[in-house]
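Note sheet for the following structure.
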Amino acid sequence: MLRWIARRTAAVKGDEGIGLLLVIGTATVVTMLMIVLTTMATRALSSSSKHVSFEGAVAAAESGIDEGLARAQRIYDTLGTDSYAYPSSSETCGSYSTINWTTSAAPDGTAAPGAQATDAAGLAIERKWAKSWLQTLAANGCRISGPKGEFTFFKPVGHQTVYGMGWAPSYSSSSAKMRYLKAEYLFTPYAPSNAILTQGTLDLSSSTVVTTAPPNSTSLASVHTNGNLTNATGNPTVYGPVSQSGSGSLVSDPKFVGNTNGTVTSSAVQGVPFISALEVWGRNHANSQTLATTWYDLCSDGSVRTPTATTTAPCDAAASDDPYAPGGSPTQITAAGGSYRGWTHGTVNGVSTWYAGSALKGSGYSGVYYISGGDVVDNASNAGQPVPNLTVIASSTSSACPKTGGNISWSQTDASAPGLQGTFLLGDQDLQITHNVSFGSDINNTPVSGFFIAGDQIDMETSSNGVYGAIIAADQCNPSGSLVDTNEVKNPSIYYDPNVAAPFVDIVNTTLWLEYAG
3 MLRWIARRTA AVKGDEGIGL LLVIGTATVV TMLMIVLTTM ATRALSSSSK
53 HVSFEGAVAA AESGIDEGLA RAQRIYDTLG TDSYAYPSSS ETCGSYSTIN
103 WTTSAAPDGT AAPGAQATDA AGLAIERKWA KSWLQTLAAN GCRISGPKGE
153 FTFFKPVGHQ TVYGMGWAPS YSSSSAKMRY LKAEYLFTPY APSNAILTQG
203 TLDLSSSTVV TTAPPNSTSL ASVHTNGNLT NATGNPTVYG PVSQSGSGSL
253 VSDPKFVGNT NGTVTSSAVQ GVPFISALEV WGRNHANSQT LATTWYDLCS
303 DGSVRTPTAT TTAPCDAAAS DDPYAPGGSP TQITAAGGSY RGWTHGTVNG
353 VSTWYAGSAL KGSGYSGVYY ISGGDVVDNA SNAGQPVPNL TVIASSTSSA
403 CPKTGGNISW SQTDASAPGL QGTFLLGDQD LQITHNVSFG SDINNTPVSG
453 FFIAGDQIDM ETSSNGVYGA IIAADQCNPS GSLVDTNEVK NPSIYYDPNV
503 AAPFVDIVNT TLWLEYAG
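Read in order, the letters of the sequence shown are residues 3 to 520 in my numbering.
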């Protein structure tokens, strides 16, 4: 019995040894697995961190591109010229005040791409040239902090390109990743997609007719408002689709031919161009010799000037350019007690105001009349033939709301064709057209047309022979007591021309977006 117990006890002790070995082995395997998994996790986190940094760097570089393009757009909207550059004399970076595409070699000695004999030769060194400039600007403190990291950019003189470089998580971080981009751009002409387009609510009423100028299909004569469309009175006729983006009730009219059951449709917001009379001046005054007629600046001091290619701002022409008194000081028309080409000058509540008199139409004084920092009032009779070529542009003293000047109140005076291609009337603020007027024509299926443009609101209430072109109201401001409170089109016949040339451009468009390697 004792021997049997001893044998059993020995057997149990042997099992304990094996169990101990199993525990140690299992622990070793688990420890090795933990080491492997930890290593894999660490590497994954490191890889993920690098990936995030790289993505952050490209996002930061894109911020630089966006910054440059936005500034170029703003300058174009304001001055009408693609003249933005950074660095510049007004926005220096370190010791740098300009980078010229043709003449500015990079800090590392790389020649300017624009100085090369061919475009291909310039492109071959552009990457290195841009990188050297971006790194130098960054080292000189020209960095902007963004949500994804830091970035710098530059826009050279003489080339429609913006370069941007970004670092994530930051420029000075030991783990910083860098990426850099370039974007080429251009400004494309704005093309009207509607006979009437307003940013704010539009009332379309009474016997208004919206159709197209032959030979275009009448189905193109559309009306859209980014607000709500209302129909206060009557039954207007619209041959194209009528739509709104506002949340108001959808009006129905049996004469809305382009809509099912005549009911206005709800659609996405449409882009409305930024309206700036100064932009139009900047883009067109220097080319006045190529226009159908002469360009005149009607100034707030009562003088009249004709700008030239060297004129840098409205009403800044040399005294010898004053058509009212050639070779002398700018003549005060009011002091002279007379008028110029049917225009007289005055002041209403402290605002410079130019009046279009009967002689403008009676004598057929064609012209592009740019009223600088003032309002326009047409108080003429309807006698005589339409002015052969007429464009009237009224600028405000500032684009900030509320604006001073930039209103046009027009009645009686007709125009056969615009003086500035594609534009009859443009006001930085409000546009009011009343009484019996006509603009443009259709001659042998060839429309003669132009835009009617309000930076704020438009009120067209006229029984007319028709206006040819397109209507835009941008609703940029709407102060109480202004010339026009709401957008309203009542009674006129509007002949939409989808091919009319706009006096301004659409938003900047990128034609190339490229990431550089290395």
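By construction, the Cβ of each residue, glycine as well, lies at the ideal position given by its N, Cα and C atoms.
Practice problem: List in chain order: all unbroken beta strand (DSSP E) runs of 3+ residues lying wholly within the region 82–159. | Solution: 146–148 and 151–156
Practice problem: May I have the straight-line CA-CA distance separating Val266 from Phe258, to the nearest angstrom? | Solution: 8 Å
Quiz item: By how many angstroms is the C-alpha of Tyr342 removed from the C-alpha of Gln414?
Solution: 19 Å
Exercise. In angstroms with no decimal places, state the Cα-to-Cα distance between Pro158 and Ile101.
Key: 5 Å
Exercise. Could you tell me the boundaries of the alpha helix (DSSP H) in which Val394 lies?
Key: Premise fails: Val394 lies in the beta strand (DSSP E), Val389 to Ala396, not in any alpha helix (DSSP H).
Self-check item: Residues bridged to Ala185 (per DSSP)
Solution: Val164 and Trp515
Exercise. Could you check if Gln434 is buried or exposed, using at least 16 other CB atoms within 10 Å of its CB as the buried criterion?
Key: buried
Quiz item: Among residues of its own chain, excluding the 5 on either side of Thr232, which ones have a beta-carbon nearer than 6 Å to its beta-carbon?
Solution: Asp205
Quiz item: In angstroms, rounded to a whole number, what distance separates the CA positions of Ile198 and Thr214?
Solution: 12 Å
Self-check item: Selection from Asp487, Tyr470 and Gly421 that minimises the alpha carbon distance to Asp444
Solution: Tyr470
Practice problem: Have a look at Asn447 and Phe506 and give me their C-alpha separation to the nearest angstrom. | Solution: 26 Å
Quiz item: Which stretch, first to last residue, makes up the beta strand (DSSP E) that contains Asn489?
Solution: Asn489 to Lys492
Quiz prompt | Bounding residues of the beta strand (DSSP E) (the contiguous stretch that carries Ser411) | solution = Ile410 to Ser413
Quiz item: Are the region 173–186 and the region 103–113 touching, with three or more C-beta to C-beta distances below 8 Å?
Solution: no
Self-check item: Contacting residues, own chain, Cβ-Cβ under 6 Å from Ala61 (five flanking each side not counted)
Solution: Lys150
Quiz item: Quick check: the region 67–80 against the region 124–139, are there 3 or more CB pairs under 8 Å?
Solution: no
Quiz item: Could you give the uninterrupted runs of the beta strand (DSSP E) lying entirely in the region 267–308, keeping only those of 3 residues or more?
Solution: 297–300
Quiz item: Excluding five sequence neighbours on each side, which residues of the same chain lie with their C-beta closer than 7 Å to the C-beta of Asp477?
Solution: Thr200, Gln201, Gly202, Asp458 and Gln459
Self-check item: Inter-residue spacing [alpha-carbon to alpha-carbon] between Val282 and Leu428
Solution: 10 Å
Exercise. Would you kindly check if the distance between the Cβ of Val211 and the Cβ of Val225 is under 7 Å?
Key: no
Quiz item: If you draw a straight line from the C-alpha of Gly242 to the C-alpha of Asn261, how long is it?
Solution: 8 Å
Quiz item: So Gly264 and Pro275 are in contact, right, with Cβ under 8 Å, and what is the actual spacing, rounded?
Solution: About 30 Å; that fails the 8 Å criterion.
Quiz item: Leu485 by DSSP, collapsed to three states: which one?
Solution: coil
Quiz item: According to the Cβ coordinates, are Pro420 and Gly452 closer than 7 Å?
Solution: yes
Practice problem: Please state whether DSSP places Leu204 in a helix, a strand or coil. | Solution: strand
Quiz prompt | Nonlocal neighbours in the same chain, by C-beta distance under 6 Å from Ile26, ignoring five residues either side | solution = none
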